[in-house]
Amino acid sequence: MGTSYKQKTTTIFRQLILNIILPVVVALITLALINFWEVSDIYQEHTEQSNKELRANIETVLTSQDKQLRQVERDVDNQLEVLSEYLVGTIFKETDSIEIADLDSIRVKLGMDPEKEDIYIIDSKGVIVNTTYEKDKDKNVYDFGADFKEFIIGTRQDFEFTPESFTIEQSTLKLRKYTYQATKDHKYVIQLGVYNDKANQVLTNTRDLLNNFYENKSGLYGVDLFFGEDNPFSLNRKEEFFEDKDLIIGLFGGGSSKVVEKSIDGKFMRFDYLPITRDNSELYKYAVIRIISDNSAYIHARRWSLIKNAVVFVITIMVVILLIFRKTKVITNPIKKLVDHVSKVTDGNFYERAQVEGNNEITKLSKQFNLMVERLEDYYKTLERKVEERTAEIEKQKEAIVAQKKDIEDSIRYAKRIQTAILPPAGYVRDLFDDHFIFYIPKDIVSGDFYWASDNENFNYIAAVDCTGHGVPGAFMSIVGNDQLHYALNVKKSQHPNEILNALNEGVTQTLRQEQTESSVRDGMDISLIGINKKDKKLEYAGANNNMYLIRNGELIEHQADRNAIGGFYGEDLHQFTNHSIDIQTGDTIYIFSDGFPDQFGGPKGKKFKYKNFKNLLLSIQGLSMEEQKKEINKVLKDWIGNLEQLDDILVIGIRI
Numbered sequence: 082m083g084t085s086y087k088q089k090t091t092t093i094f095r096q097l098i099l100n101i102i103l104p105v106v107v108a109l110i111t112l113a114l115i116n117f118w119e120v121s122d123i124y125q126e127h128t129e130q131s132n133k134e135l136r137a138n139i140e141t142v143l144t145s146q147d148k149q150l151r152q153v154e155r156d157v158d159n160q161l162e163v164l165s166e167y168l169v170g171t172i173f174k175e176t177d178s179i180e181i182a183d184l185d186s187i188r189v190k191l192g193m194d195p196e197k198e199d200i201y202i203i204d205s206k207g208v209i210v211n212t213t214y215e216k217d218k219d220k221n222v223y224d225f226g227a228d229f230k231e232f233i234i235g236t237r238q239d240f241e242f243t244p245e246s247f248t249i250e251q252s253t254l255k256l257r258k259y260t261y262q263a264t265k266d267h268k269y270v271i272q273l274g275v276y277n278d279k280a281n282q283v284l285t286n287t288r289d290l291l292n293n294f295y296e297n298k299s300g301l302y303g304v305d306l307f308f309g310e311d312n313p314f315s316l317n318r319k320e321e322f323f324e325d326k327d328l329i330i331g332l333f334g335g336g337s338s339k340v341v342e343k344s345i346d347g348k349f350m351r352f353d354y355l356p357i358t359r360d361n362s363e364l365y366k367y368a369v370i371r372i373i374s375d376n377s378a379y380i381h382a383r384r385w386s387l388i389k390n391a392v393v394f395v396i397t398i399m400v401v402i403l404l405i406f407r408k409t410k411v412i413t414n415p416i417k418k419l420v421d422h423v424s425k426v427t428d429g430n431f432y433e434r435a436q437v438e439g440n441n442e443i444t445k446l447s448k449q450f451n452l453m454v455e456r457l458e459d460y461y462k463t464l465e466r467k468v469e470e471r472t473a474e475i476e477k478q479k480e481a482i483v484a485q486k487k488d489i490e491d492s493i494r495y496a497k498r499i500q501t502a503i504l505p506p507a508g509y510v511r512d513l514f515d516d517h518f519i520f521y522i523p524k525d526i527v528s529g530d531f532y533w534a535s536d537n538e539n540f541n542y543i544a545a546v547d548c549t550g551h552g553v554p555g556a557f558m559s560i561v562g563n564d565q566l567h568y569a570l571n572v573k574k575s576q577h578p579n580e581i582l583n584a585l586n587e588g589v590t591q592t593l594r595q596e597q598t599e600s601s602v603r604d605g606m607d608i609s610l611i612g613i614n615k616k617d618k619k620l621e622y623a624g625a626n627n628n629m630y631l632i633r634n635g636e637l638i639e640h641q642a643d644r645n646a647i648g649g650f651y652g653e654d655l656h657q658f659t660n661h662s663i664d665i666q667t668g669d670t671i672y673i674f675s676d677g678f679p680d681q682f683g684g685p686k687g688k689k690f691k692y693k694n695f696k697n698l699l700l701s702i703q704g705l706s707m708e709e710q711k712k713e714i715n716k717v718l719k720d721w722i723g724n725l726e727q728l729d730d731i732l733v734i735g736i737r738i
């Protein structure tokens, strides 16, 4: 305790210093930040203005390019239409030999340039069956995508000449145009593909203008114009620093500009990405401008500015602290002496008194301190006596609570014995269902989930029941449910599963006699009940909220329960449950269960297991025996829960036919 007050002495002195120098510190930091921000803002405004001008220049160049290309494209389309019409209407008016025709000779005959112009024959399956460009022979154009496949099929059905706009080949960075027209018998599509010198000269002029924007300009490392939404490529330069491909793809179609700064080979590089939309362009609707700048000079200047500000700041603070230290010792020394007395009192020395000297605020504080110590000594003695009395009282209360806890635990354990007694014996269940397992994990000592099995001259029955709640309330409900199930079968002579559920619903409702109010909560149970007919080996099933799974030949078939629980409000019309009759085969596995397993939280993210994963688990263990399935389900559950708490009772019943 003495050490704690020595620390407070240092804190008091430090507080006096901070209260005086804090305005100085704030002022210096504020000035440094204002200076830093002003420099950054000026640089940012300059960069944005430069980018804006560069973007406008590039858009002007692209607009001019598009205008020139449209003129060239009109002329090229007219020429290609004449060639295509001649091929379709004259040379291949009959298509019997179109697949083996000498297209190279035909190309020469038509005056086409072998270096720049090609002919392709596409059959009804999308295969290029004949072409002047041997590398593409036998390729299937349907592999280019569903949209292109649909386009080719539509072209083959329509006799119209269809030209595409110029596109840029990524491999050559040249403009290429394709046209399409169906033969008279609609069995083939004739495709023409050409390069055009005038168009590519326009593209070359555009590249030269783009490169001129950054060459011989200080601080500007490069300007790229990217086309191609799926696989972007630079129109004017080889791809450098192209690890930003995903970022560029994300900007196609619009969006705000992006800035990336990184260090490359000791240089501080800035990458500005500016998306542009070109509504009037036939070449590419979207493009991205990448401006690469060398910011090294700016970064070094900014660092030097920060260093200068830091040096001024440190020197100023040291001078101020030195001056304050010399002036504050006169104030702090008397306070230190008083605090020493306080430390001794906190160590339990109530006979300690402070020295009263002088006639100032410290003198008054010392007198009040001595008076406080005298009162504290009296309070301490009184408190010590009361603590002894309270301790004795708490010990008596503890003994009473321990005794009550033991009585409650004994009662719950006895309730567990009662609940266990109402469950069908394992041997009896095995007589009814030879190959089965019952996976039963109550959350508490007693459970709201239970299983029920019985038989008569016609059926072997088994049910998985989930009562409202868990623990003691759920256990009471399970006793009611078990009693009403036996009553429905043995007294009311219900045969089919839906008849048993109807009788159970009526019995639970009458037993609980719940009346409906605005704040009432419906108590009851969810259930899956199956009965296997001993004569025809058919399975009958009825359910209240809990479905049944049948797995046959690796396929899971889900049979839906009625979306009504067992147990209604007294006096209301009771729901009539549906009976499902199902043909079963040897090797089928049947599963009924409560919602405890699918709703259990766990796993790496602490989420519910869910019914989808539960189904996959059951499918994955079909190769195991029923006993091995039970062990695997238990292992998966433990791994899933991990260090978390079990939330509800868990019941899973599996039967193999």
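Going by the working numbering, the first residue of the sequence shown is number 82, and it counts up by one from there. Glycine included, every Cβ here is placed at the ideal spot set by N, Cα and C.
Pair within 9 Å by beta-carbon distance, residue 745 and residue 579: With the chain running from 82 to 738 in the structure shown, residue 745 is simply not present.
Option in 340, 345, 344 and 391 with minimal Cα separation from residue 371: 340
Expected contact under 8 Å - CB spacing of residue 518 and residue 689 to nearest Å: In fact, because the Cβ distance is near 24 Å, the residues do not count as touching under 8 Å.
Status (buried if at least 16 other CB within 10 Å, exposed otherwise) for residue 600: Low per-residue confidence applies at residue 600: pLDDT is 42, beneath 50, and the placement is therefore not dependable enough to give any value.
Cβ pair residue 175, residue 204 closer than 9 Å: no
Inter-residue Cα distance where the pair is residue 734 and residue 674: 6 Å
Given residue 200 as reference, the closest of 639, 273, 449 and 241 once Cα atoms are compared: 273
Reference residue 593, options 698, 605, 666 and 465, closest by Cα: 605
Those residues which DSSP pairs with residue 622 across a bridge: 611 and 661
Stretch-stretch touch, CB-based, cutoff 8 Å, three pairs: the region 624-631 with the region 661-678: yes
Three-state secondary structure (DSSP) of residue 706: coil
Buried or exposed by the 16-neighbour rule on C-beta atoms within 10 Å, applied to residue 82: Model confidence at residue 82 stands at a pLDDT of 42, short of 50, so the residue's coordinates are unreliable; what they give is reported in the following sentence. Label assigned to residue 82: exposed.
Inter-stretch contact at 8 Å, needing at least 3 Cβ pairs: the region 562-571 / the region 534-551: yes
9 Å Cβ cutoff met for residue 329 and residue 270: no
Whole-angstrom distance between residue 503 and residue 738, CA atom to CA atom: 26 Å
Close beta carbons around residue 182, own chain, < 7 Å, minus the five adjacent residues each side: 211
Element boundaries [alpha helix (DSSP H), containing residue 635]: No alpha helix (DSSP H) contains residue 635, which DSSP labels as neither H nor E.
Buried versus exposed, by CB contacts within 10 Å (16 or more), residue 225: exposed
Whole runs of the alpha helix (DSSP H) within the region 189-227, excluding any shorter than 4 residues: none
Same chain, Cβ closer than 7 Å to residue 583, five either side skipped, listed in chain order: 657 and 658
Candidates 229, 207, 230 and 213, of which the one nearest residue 220 by Cα: 207
Neighbourhood of residue 87 by C-beta distance below 8 Å, restricted to the same chain and skipping five residues each side: For residue 87, the pLDDT reaches just 46, beneath the cut-off of 50, and the residue's location in the model is therefore unreliable, although a value from the coordinates is still provided. Closer than 8 Å at Cβ, skipping near neighbours: 424.
Reduced DSSP category for residue 726 - H, G, I as helix; E, B as strand; rest coil: coil
Contact belief for residue 167 with residue 191 at Cβ below 8 Å, rounded distance in angstroms: 7 Å
Cβ neighbour criterion (16 or more within 10 Å) applied to residue 632: buried
Residue burial classification, residue 202 (beta-carbon count within 10 angstroms, cutoff 16): buried
Length of the line joining the Cα atoms of residue 159 and residue 349: 52 Å
Test item: CB-CB of residue 546 and residue 643 under 9 Å: no
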